[in-house]
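Remarks on the structure that follows.
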Amino acid sequence: MLDNSDEQFGIIIQARSGATRLPNKVLLPFFNGKCILEILIENLLKKFDEKNIILATTTNISDQKIKGIGELYDINIYCGNEENVLERFIDSATFYNKELIIRICADNPFLDINSIRELLNNYESGLDYISYRVALNLPAIKSHLGIFAELTTLNTLTKIIALTSEKIYREHVTNYIYSNENYFSIKWMDVKECLWNRDDIRLTVDTQEDFNLMQKLYCELVNSNIRMNPKNILQFIDMHPHYLSEMKNNIFRNKK
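According to my numbering, the sequence shown is numbered sequentially starting from 14.
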């Protein structure tokens with residue numbers, strides 16, 4: 014079992030300012046003057062050593078502020094390809110000599126940090142990928158939840174970049190794995206019953222509407238002294254139907 018200071022794994026935070034629907038979404042003031050990226054890093058540092066955290070941003074001049082946040086918290090930083098995110102992950106992990114990769118996105122303010130430890134505890138040699146499922150045949154990364162990370166390996170990502178040059182698989186780092194399950198060794202972990210099939214919950218930030226709603230929810234949870242874990246968050250949302258209503262509207266707006 015890997016402990017929280019083991020240098021073999023890297024928690025790679027995918028972050029850039031050039032989001033199409035809401036530019037600078039990870040840098041906008043979110044709570045007490047801090048942005049989502051700062052809150053995420055602070056939560057990670059409560060559980061993991063700074064040498065295990067890598068902020069993977071881009072070489073674009075507009076991402077210098079993101080780099081500056083990484084420097085402020087004294088975590089590892091890698092600036093790579095803006096469009097080819099798969100390459101950015103491979104280069105980040107290679108530069109910092111990390112074979113196991115925990116992938117997280119910087120637009121998930123409610124990320125369950127404890128779930129990262131569960132992923133690491135479930136890793137076995139030879140596995141290519143470990144992820145949570147939120148419904149049958151639905152990886153958490155493809156849902157609106159925004160709560161869970163995913164685990165893969167540098168070797169697996171290197172295989173993918175050799176197997177395909179399709180743009181979708183360069184932009185979405187792990188998509189090729191769960192789209193081609195027969196080629197990889199995958200372990201699925203089902204989420205707790207309270208989260209199973211909850212396709213009405215959206216806790217990720219893509220648009221201004223998402224940002225406003227998540228900011229309001231985060232504020233209310235903190236002010237109510239509610240410990241932020243998936244079960245508590247879900248119970249609070251279910252007790253306040255206006256959140257569910259707005260989330261459903263945002264899910265409908267973001268259908269692809």
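The C-beta atom is built at its ideal place from N, Cα and C for all residues, glycine as well. Computed from a predicted structure; not experimentally measured.
Own chain partners of residue i with C-beta closer than 8 Å, once the 5 adjacent residues on each side are dropped
{"i": "Asn73", "result": "Arg29, Ser30, Gly31, Glu95"}
{"i": "Asp219", "result": "Ala32, Arg34, Leu35, Lys38, Asp120, Asn267"}
{"i": "Lys59", "result": "Ile126"}
{"i": "Glu194", "result": "none"}
{"i": "Cys48", "result": "Val39, Leu40, Leu41, Pro42, Ile82"}
Rounded distance between the beta-carbons of residue j and residue i, thought under 8 Å
{"i": "Ala106", "j": "Ile114", "result": "5 Å"}
{"i": "Tyr256", "j": "Ile250", "result": "5 Å"}
{"i": "Leu170", "j": "Ile103", "result": "5 Å"}
{"i": "Tyr136", "j": "Val204", "result": "Actually they are not in contact, since the Cβ atoms of Tyr136 and Val204 sit about 18 Å apart, beyond 8 Å."}
{"i": "Ile24", "j": "Ile129", "result": "7 Å"}
Cut-off 7 Å between Cβ atoms - residues of its own chain near residue i, not counting five sequence neighbours on either side
{"i": "Ile52", "result": "Phe43, Phe44, Pro122"}
{"i": "Thr166", "result": "Glu112, Leu113, Ile114, Asp141"}
{"i": "Asn97", "result": "Arg183"}
{"i": "Cys207", "result": "Lys244, Leu247"}
{"i": "Gln221", "result": "Leu35"}
Residue i, DSSP secondary structure in three states
{"i": "His253", "result": "coil"}
{"i": "Pro36", "result": "coil"}
{"i": "Asn17", "result": "Note that Asn17 scores 49 on pLDDT, short of 50, meaning its location in the model is unreliable; the coordinates nonetheless yield the value given after this. Coil, per DSSP."}
{"i": "Lys261", "result": "helix"}
{"i": "Phe224", "result": "helix"}
{"i": "Leu113", "result": "strand"}
{"i": "Asn188", "result": "helix"}
{"i": "Phe123", "result": "coil"}
{"i": "Lys205", "result": "coil"}
{"i": "Glu84", "result": "helix"}
{"i": "Val98", "result": "helix"}
Identified DSSP bridge partners for residue i
{"i": "Gly93", "result": "Thr71"}
{"i": "Tyr142", "result": "Thr165, Ile199"}
{"i": "Pro42", "result": "Cys48"}
{"i": "Cys118", "result": "Gln27"}
{"i": "Pro152", "result": "Arg146"}
{"i": "Ile66", "result": "Ile24"}
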